[in-house]
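Position one of the sequence shown corresponds to residue 17 (the numbering used here), numbered consecutively onward. Virtual Cβ for every residue (Gly too), placed ideally from N, Cα, C. Report on the structure given below.
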Amino acid sequence: MSSSESDVKVSLSPVNPQGLVELREQDKWLPIANIARIMKNALPEHAKLSKEAKECVQECVSEFVAFITSEASEKCVMEKRKTVNGEDILSALNTLGFENYAEVLKIYLAKYRIHQLSNNESTNYSPSSCDDTTNDYTYDLLDS
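See below:
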């Protein structure tokens, strides 16, 4: 390797002095286009959104998701699990006082799983087992 090649160092994720990866500002928040689309769907047809309003909601929603996910992750760590699932999110919402959201999301999660099952059945996948304690399904490819 030439000296000019060894002098070039590219770091996609800068590391701080404590050895922790630092996120770029745009990587901390959910995509603003998605936030804006959701906001526009809740407004009358000709209503407009300021950039400041979109950015404010973007930060709030991103912080809320991180807050809930952090609580769910702590539960997983205590239970010595590595994967956060839907029930962990629902539990976190209840623990943090967002019971109203948890009830709606519980219904959504049930409908989502039914939809996923019907999609998997139509693509030659079938549930091979279900852990009734977590409602986690595993799938085996059917022999064609």
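Requested in this report: Can you say whether L59 is buried or exposed, counting buried as having 16 or more other CB atoms within 10 angstroms of its CB?
Outcome: Exposed: under 16 other Cβ atoms inside 10 Å.
**Report entry** Assigned exposure category for L65 - 16 Cβ within 10 Å defines buried
**Finding:** The residue in question, L65, is exposed, as its Cβ has fewer than 16 Cβ neighbours within 10 Å.
Query raised in the report: Under the rule that 16 or more other beta-carbon atoms within 10 Å means buried, what is I54, buried or exposed?
Result: Flag for I54 reads exposed.
Requested in this report: Label S123 either buried or exposed according to how many other C-beta atoms from any shown protein chain fall within 10 Å of its C-beta, with 16 as the threshold for buried.
Outcome: First, the residue type needs correcting, since residue 123 is Ile and not Ser in the sequence shown. With fewer than 16 Cβ atoms within 10 Å of its Cβ, I123 is classed as exposed.
Requested in this report: Would you give the residue range spanned by the alpha helix (DSSP H) that F114 belongs to?
Outcome: Note, F114: premise wrong, no alpha helix (DSSP H); not H, not E.
Query raised in the report: So, is A108 buried or exposed, given that buried needs 16 or more other C-beta atoms within 10 angstroms?
Result: The residue in question, A108, is buried, as its Cβ has 16 or more Cβ neighbours within 10 Å.
Requested in this report: Go through its chain and collect everything with a Cβ distance to E21's Cβ below 8 angstroms, but skip five positions before and after it.
Outcome: Unreliable placement is indicated for E21, whose pLDDT of 40 sits below 50; the coordinate value is still reported in the next sentence. Same-chain partners within the cutoff: there are none.
Report task. Measure the alpha-carbon distance for H62 versus K56 and round it to whole angstroms. Result -> Cα-Cα distance, rounded: 9 angstroms.
Query raised in the report: How would you write the range of the alpha helix (DSSP H) that T99 sits in, first residue to last?
Result: In this chain, T99 is not harboured by any alpha helix (DSSP H), its DSSP state being neither H nor E.
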